[in-house]
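To start, the structure under review is shown below, and the notes come after it.
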Amino acid sequence: MPYLIIQKQFPLEEVEISPTIVDGYLNARDFSVFGAKYGKNAWQATIKLHPSLVLDKLEELGYRMVSSACNDKMMMWTMHAPPAMKSIEVQNPTDEFHQKIKD
Numbered sequence: 031m032p033y034l035i036i037q038k039q040f041p042l043e044e045v046e047i048s049p050t051i052v053d054g055y056l057n058a059r060d061f062s063v064f065g066a067k068y069g070k071n072a073w074q075a076t077i078k079l080h081p082s083l084v085l086d087k088l089e090e091l092g093y094r095m096v097s098s099a100c101n102d103k104m105m106m107w108t109m110h111a112p113p114a115m116k117s118i119e120v121q122n123p124t125d126e127f128h129q130k131i132k133d
């Protein structure tokens, strides 16, 4: 899915205590831009950057903010990647190998 959810607990400045969380799929190249650490599953990453820097970098990668929300404890942003970005995702190198064997 081309959507990401970015969330950060208040106060926004304390990235060491409460890092920025990205829920959604980013390919390995995009995760390396952030120095992200994967969470308990492959769909969640922890980034020790201020959320504004994360949002700026995602915009440079082609994502656009589609919504934002907050309550008294957390701020959240939803980001969307255009369909054309799907082609940049890293493909499994073994797929190409298996295709050559079949041919």
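Note that the sequence shown covers residues 31 to 133 in our numbering.
A virtual CB, placed ideally from N, CA and C, is assigned to each residue, including glycine.
All values derive from a computational prediction rather than experimental measurement.
- Taking 8 Å as the cut-off, the Cβ atoms of Pro112 and Ile77 do not count as close.
- Counting along the chain, Ser98 sits inside the beta strand (DSSP E) bounded by residues 94 to 100.
- Between Lys70 and Val84, the alpha-carbon positions lie close to 20 Å from each other.
- When secondary structure is reduced to three states using DSSP, Ala58 falls in the helix class.
- Assignment of Leu79 by DSSP, reduced to helix, strand and coil, places it in the coil class.
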